[in-house]
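**Student:** Here it is, the structure, as structure tokens.
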Amino acid sequence: MISMRKIFLLPFFITFGFQSFSQNLPLSFSQHYEYLRREQIQGKINSSLSFNVRPFAIEKAFPEFSSAFLADSSIGIITKPSFIKSKNAKLRITAIPIQLLATYNSSTPNGWENSELLSNVGLQTIFSTGFHLKLGKLSVQFNPNFHYAQNKEFEEYPSKAPNEYFRRLSRSVFGIDKPVRYGTGSISNINLGNSHVGAYLGGIFLGLSSENIWAGPGQFTSLILSDNAPGFYHFRLQSTKPLKTFLGNFEGIYWAGQLKSSESTHFSDGNFQTVFGEKDESSWRYFTGLTISYSPKWIPGLSIGGTRGFQIYRDDMADNFKSFFPLFAPFQKEEEGLIESLNLRQDQNVSVFSRYLVSSAKAEIYFEFSRNDHPLNWRDLLMNIEHSRAFQLGFSKYIKLPNKYSLGFQGEITQSEFSINNIIRWPNRQGLSNSGLGAFDNVQVNHGWTHEGQLLGSNTGISGNSYLIQVGIYDGFEEISIRMERFENQPNFYEFANTAGMNVDPWIDNSFFVNYSNSFEKFLLKSSMGITTSYNNNFLIENLNQDGFSTGTDKNGNFSMNLSLIYLL
Numbered sequence: 004m005i006s007m008r009k010i011f012l013l014p015f016f017i018t019f020g021f022q023s024f025s026q027n028l029p030l031s032f033s034q035h036y037e038y039l040r041r042e043q044i045q046g047k048i049n050s051s052l053s054f055n056v057r058p059f060a061i062e063k064a065f066p067e068f069s070s071a072f073l074a075d076s077s078i079g080i081i082t083k084p085s086f087i088k089s090k091n092a093k094l095r096i097t098a099i100p101i102q103l104l105a106t107y108n109s110s111t112p113n114g115w116e117n118s119e120l121l122s123n124v125g126l127q128t129i130f131s132t133g134f135h136l137k138l139g140k141l142s143v144q145f146n147p148n149f150h151y152a153q154n155k156e157f158e159e160y161p162s163k164a165p166n167e168y169f170r171r172l173s174r175s176v177f178g179i180d181k182p183v184r185y186g187t188g189s190i191s192n193i194n195l196g197n198s199h200v201g202a203y204l205g206g207i208f209l210g211l212s213s214e215n216i217w218a219g220p221g222q223f224t225s226l227i228l229s230d231n232a233p234g235f236y237h238f239r240l241q242s243t244k245p246l247k248t249f250l251g252n253f254e255g256i257y258w259a260g261q262l263k264s265s266e267s268t269h270f271s272d273g274n275f276q277t278v279f280g281e282k283d284e285s286s287w288r289y290f291t292g293l294t295i296s297y298s299p300k301w302i303p304g305l306s307i308g309g310t311r312g313f314q315i316y317r318d319d320m321a322d323n324f325k326s327f328f329p330l331f332a333p334f335q336k337e338e339e340g341l342i343e344s345l346n347l348r349q350d351q352n353v354s355v356f357s358r359y360l361v362s363s364a365k366a367e368i369y370f371e372f373s374r375n376d377h378p379l380n381w382r383d384l385l386m387n388i389e390h391s392r393a394f395q396l397g398f399s400k401y402i403k404l405p406n407k408y409s410l411g412f413q414g415e416i417t418q419s420e421f422s423i424n425n426i427i428r429w430p431n432r433q434g435l436s437n438s439g440l441g442a443f444d445n446v447q448v449n450h451g452w453t454h455e456g457q458l459l460g461s462n463t464g465i466s467g468n469s470y471l472i473q474v475g476i477y478d479g480f481e482e483i484s485i486r487m488e489r490f491e492n493q494p495n496f497y498e499f500a501n502t503a504g505m506n507v508d509p510w511i512d513n514s515f516f517v518n519y520s521n522s523f524e525k526f527l528l529k530s531s532m533g534i535t536t537s538y539n540n541n542f543l544i545e546n547l548n549q550d551g552f553s554t555g556t557d558k559n560g561n562f563s564m565n566l567s568l569i570y571l572l
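Numbering (this note's numbering) for the sequence shown: 4 to 572.
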């Protein structure tokens, strides 16, 4: 007989088997991914998984764990999962943990976007729960999000800026759908979150999904795909664990799905939209790509791989194999036909990456390099490989302390500012100097590398450079750390305006955060609190002398809080 407690829980939560049944761990459970990565680097769990393709199934990737959400005695958290199952155990319905995400910014929209979480001033929350149903190989996961954002007003652009300021800004804004503020009022919505319908076939998942995908080795962000934007509706074929061969292990993911517009103007009041140009809102974008990661058998800890992604407006697609599977198209425009390539409103982004894990040294290093826009030919690629590029470098190092804790150091540099190549290659076009492409904006697909107005991968915005270091002590889920970050806002625009002789100063954000995470019986807590000091907000400052030059540096502060609270059912 089914107890009243289980009947009461069923409508609110549900997931697939915590014990002998596999299930992908949604990217929203970032605390779990951070814990697993730390444990792997310190040599406490197996090192075969690369962390280059996410999500993955914990029980398949790390057989030492018996729970999809790490709710077992191996890490000190013991909870009997709430589920309903048939007599022959072929049908099983289990509750997904309840999760609350909350952020707060006092005056400016600092901080990173995270799935449905937007750049927002004020309070913002996401509440999620659901269920997972397993029937034989069939898997149904229903994990919706309930999202609310205050979306309070703030200064979106300098009121005293001359028209030339917005003309230079249009160079970046024209090719990307990245609003400064998402509308003029509070936001509330319900969406499918990390849901799917599919099948687990050995180490492979095949199905339809709205889940976030992560491609690349980054700890805090990734260049091509991460959880920075909401998950997009897609078909997916993915490994859920390393697939062993005589050459080593392979991991990968193929996707084909739909990208949507934010349907918002760049500034919430709609001003200067005629300067920035209109976007085609009549057609959604077809988005497909492939990520492959290879771990050579002969070099333990090393993984190398790459991602190739395409987007094209659905109205421009032909109903043939080439349109739906552009991954097989040549990398060079000459092979495709130069005029045909220019006229076709499509965009590709390619990245290569590597991660090297040295468990004996309790350390890892990694990098990713991406490039937007097809090269004309192989000569163009070799001579101008840095054109429209972004890159990332990162490391982690842990030192065992005499007590139960480990001292950890993490660092990550992410840069999407264009290189000096832009000035040399594009000295003047349409009356604008430095008019080459950035890493995420595009002329032909002028929504850029975005979904619903948020970047699919990097959290650096239209362009940006992030320099981050984190130092802390760790034990299991427990973390006490500090994080410092220097962020350069839209350096591409700064170069556009500065080389044109405008009186602008670099817009820099310096942040200092204190982080605390821990587990309390069935609860997992992750929190951070910090201050961001912004210098020269929006590049133009108010203190000018009679000649129009700055007399000092303008700065302002923002207080931020972030919270993730999980209840393991």
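The beta-carbon is built from N, C-alpha and C at its ideal position, and this holds for glycine as well.
Because the structure is a prediction, the values reported are computed rather than measured.
Have a look at S77 and I483 and give me their C-alpha separation to the nearest angstrom.
**Tutor:** In the sequence shown, residue 77 corresponds to position 74, counting from 1. In the sequence shown, residue 483 corresponds to position 480, counting from 1. Residue confidence for S77 is low, a pLDDT of 46 falling below 50, so the modelled location carries little weight; the figure read from the coordinates is stated next. Straight-line Cα distance between these residues: approximately 22 Å.
**Student:** Among all the DSSP beta bridges, which residues are the ones paired with H269?
**Tutor:** Locating residue 269 in the sequence shown gives position 266, counting from the first residue. In DSSP, H269 forms no bridge with anything.
**Student:** Given a cut-off of 7 Å, decide if Q102 and A60 are closer than it, judged by their beta-carbon atoms.
**Tutor:** Locating residue 60 in the sequence shown gives position 57, counting from the first residue. Locating residue 102 in the sequence shown gives position 99, counting from the first residue. Contact: no.
**Student:** At what residues does the alpha helix (DSSP H) containing N501 begin and finish?
**Tutor:** Here the question's residue 501 lines up with position 498 in the sequence shown. 494-502 is the extent of the alpha helix (DSSP H) around N501.
**Student:** Quick check for students: name the residue ranges of the beta strand (DSSP E) that lie wholly in the segment 266-322, counting only runs of 3 or more.
**Tutor:** 288-299, 305-316
**Student:** Quick one: using the 10 Å Cβ neighbour count with 16 as the cut-off for buried, is G79 buried or exposed?
**Tutor:** Here residue 79 refers to the residue found at position 76 of the sequence shown. Reliability fails at G79, whose pLDDT of 46 lies under 50, so the model's placement of it is uncertain and the value that follows must be treated cautiously. So G79 counts as exposed.
**Student:** Pick out whichever of N539, A105, Q34, Y408 has its Cα sitting closest to the Cα of Q45.
**Tutor:** To locate residue 45, count along the sequence shown from 1; it is residue 42. Comparing Cα-Cα distances from Q45 to each of N539, A105, Q34, Y408, the minimum goes to Y408.
**Student:** What does the alpha-carbon distance come out to for the pair N559 and Q261?
**Tutor:** The residue given as residue 559 occupies position 556 in the sequence shown. The residue given as residue 261 occupies position 258 in the sequence shown. Near 39 Å, if we compare the C-alpha coordinates of Q261 and N559.
**Student:** Which residues share a DSSP beta bridge with D478?
**Tutor:** Taking the sequence shown and counting its residues from 1, one reaches residue 478 at position 475. As DSSP reads the structure, D478 sits in a beta bridge with E481.
**Student:** Would you say E159 lies against chain B (beta-carbon separation less than 7 Å)?
**Tutor:** Looking for chain B here will not work: only one protein chain is present.
**Student:** Which residue comes first and which comes last in the beta strand (DSSP E) that contains Y236?
**Tutor:** Your numbering for residue 236 matches position 233 in the sequence shown. Where Y236 is concerned, there is no enclosing beta strand (DSSP E), given that its DSSP letter is neither H nor E.
**Student:** For the alpha helix (DSSP H) that contains N166, what are its first and last residues?
**Tutor:** For this step, residue 166 is matched to residue 163 along the sequence shown. 166-176 is the extent of the alpha helix (DSSP H) around N166.
**Student:** Drop a sphere of 10 angstroms on the beta-carbon of I5, count the other beta-carbons inside from all chains shown, and report buried for 16 or more, exposed for fewer.
**Tutor:** By 1-based counting over the sequence shown, the position of residue 5 is 2. Low confidence applies to I5: its pLDDT is 40, below 50, so where it sits in the model is not reliable, and the reading given next is rough at best. Label assigned to I5: exposed.
**Student:** Using 7 Å as the threshold, is the C-beta distance between N561 and N113 below it?
**Tutor:** By 1-based counting over the sequence shown, the position of residue 561 is 558. By 1-based counting over the sequence shown, the position of residue 113 is 110. It is a contact, given that the beta carbons lie within the stated cut-off.
**Student:** Can you find the residues in the same chain that come closer than 8 Å, C-beta to C-beta, to K365, ignoring five residues on each side of it along the sequence?
**Tutor:** Walking along the sequence shown from the start, residue 365 turns up at place 362. Counting only Cβ-Cβ distances below 8 Å, and skipping sequence neighbours, we find I44, Q45, G46, K400, Y401, I402, K403, S409.
**Student:** Please identify the residue among N323, F327, S298, G460 whose C-alpha is closest to the C-alpha of L228.
**Tutor:** Here residue 228 refers to the residue found at position 225 when the sequence shown is read from its first residue. When each option's Cα is compared against that of L228, the closest is G460.
**Student:** How long is the line joining the alpha carbons of E331 and K325, rounded to whole angstroms?
**Tutor:** For the purposes of this step, residue 331 is taken as residue 328 along the sequence shown, with counting starting at 1. For the purposes of this step, residue 325 is taken as residue 322 along the sequence shown, with counting starting at 1. A small correction: the amino acid at residue 331 is Phe; Glu does not occupy that position in the sequence shown. Distance between the alpha carbons of F331 and K325: 8 Å.
**Student:** When burial is assigned at 16 or more other CB atoms within 10 Å of the CB, is S162 buried or exposed?
**Tutor:** Within the sequence shown, residue 162 is the residue found at index 159, counting from 1. Under the 10 Å beta carbon count, S162 is surrounded by fewer than 16 other beta carbons and is classified as exposed.
**Student:** Please state whether the Cβ-Cβ distance between H269 and F279 is less than 7 Å.
**Tutor:** As a position in the sequence shown, residue 269 is number 266, starting the count at 1. As a position in the sequence shown, residue 279 is number 276, starting the count at 1. Taking 7 Å as the Cβ cut-off, H269 and F279 qualify as a contacting pair.
**Student:** Short of 6 Å in beta carbon distance, which residues of its chain neighbour M487, apart from the five on each side in sequence? Order them along the chain.
**Tutor:** Counting from 1 along the sequence shown, the entry for residue 487 is found at position 484. These residues qualify, in order along the chain: I472, F515.
**Student:** Report the start-end ranges of each beta strand (DSSP E) in the segment 88-168 that is 3 residues or longer and not cut off at the edges.
**Tutor:** Segments of the beta strand (DSSP E) lying fully in the segment 88-168: 94-108, 125-138, 141-145, 148-152.
**Student:** In this structure, how does DSSP classify A442 when only helix, strand and coil are distinguished?
**Tutor:** For this step, residue 442 is matched to residue 439 along the sequence shown. Three-state DSSP puts A442 in coil, outside helix and strand.
**Student:** Output the residue ranges of the beta strand (DSSP E) runs that lie fully inside the segment 342-396 and measure 3 residues or longer, sorted by chain position.
**Tutor:** 349-361, 366-375
**Student:** Return the first residue and the last residue of the alpha helix (DSSP H) that E42 is part of.
**Tutor:** Start at 1 with the first residue of the sequence shown, and residue 42 comes out as number 39. Residues 33-44.
**Student:** Pick from R239, P245, Q222: whose alpha carbon is nearest that of Q413?
**Tutor:** Start at 1 with the first residue of the sequence shown, and residue 413 comes out as number 410. Looking at the Cα atoms, Q222 is the closest of the given residues.
**Student:** Output the distance between the C-alpha atoms of E367 and I216, rounded to the nearest integer angstrom.
**Tutor:** Numbered from 1 along the sequence shown, position 364 holds the residue referred to as residue 367. Numbered from 1 along the sequence shown, position 213 holds the residue referred to as residue 216. Using only the alpha carbons, I get a separation of about 22 Å.
**Student:** Spell out a yes or no on whether the segment 162-174 and the segment 490-507 are touching, meaning 3 or more CB-CB pairs, one atom from each, closer than 8 Å.
**Tutor:** Of all C-beta pairs linking the segment 162-174 to the segment 490-507, three or more are shorter than 8 Å, placing the two stretches in contact.
**Student:** Tell me which residues share the same chain as S213 and place their Cβ nearer than 6 Å to its Cβ, disregarding the 5 neighbours each side in the sequence.
**Tutor:** As a first step, residue 213 must be located in the sequence shown, where it is residue number 210. The residues are L195, S198, G234, Y236.
**Student:** At the level of alpha carbons, what is the spacing between G475 and D230?
**Tutor:** Stepping through the sequence shown from its first residue, residue 475 is reached at position 472. Stepping through the sequence shown from its first residue, residue 230 is reached at position 227. Going by the C-alpha atoms only, they are around 24 Å apart.
**Student:** Where does L211 land, buried or exposed, given buried means 16+ other C-beta within 10 angstroms?
**Tutor:** Counted from its first residue, the sequence shown places residue 211 at position 208. When all chains shown are included, L211 counts as exposed.
**Student:** Residues in its own chain within less than 6 Å of N148 by CB, not counting five upstream and five downstream?
**Tutor:** Locating residue 148 in the sequence shown gives position 145, where the first residue counts as 1. E119, I129, S131, N194, G196, listed in sequence order.
**Student:** How big is the Cα-Cα spacing for L204 and V143?
**Tutor:** On the sequence shown, position 201 is the one that residue 204 refers to. On the sequence shown, position 140 is the one that residue 143 refers to. In this structure, the alpha-carbon of L204 lies about 14 Å from that of V143.
**Student:** To the nearest angstrom, report how far apart P66 and S51 are at their CA atoms.
**Tutor:** Taking the sequence shown and counting its residues from 1, the one referred to as residue 66 is at position 63. Taking the sequence shown and counting its residues from 1, the one referred to as residue 51 is at position 48. Those two C-alpha atoms are separated by around 11 Å.
**Student:** Can you name, in chain order, every residue of its own chain whose Cβ lies under 7 Å from the Cβ of L528, other than the five neighbours on each side?
**Tutor:** Residue numbering aside, residue 528 sits at position 525 when the sequence shown is read from its first letter. So the qualifying residues of the chain are S520, N521, L568.
**Student:** Checking 7 Å against the spacing of the C-beta atoms, do G397 and F356 come in under that value?
**Tutor:** The residue labelled residue 397 in the question sits at position 394 within the sequence shown. The residue labelled residue 356 in the question sits at position 353 within the sequence shown. Taking 7 Å as the Cβ cut-off, G397 and F356 do not qualify as a contacting pair.
**Student:** Would you decide whether W381 is buried or exposed? Buried here means 16 or more other CB atoms lie within 10 Å of its CB.
**Tutor:** Translated into the one-based positions of the sequence shown, residue 381 becomes position 378. Per the 10 Å Cβ criterion, exposed.
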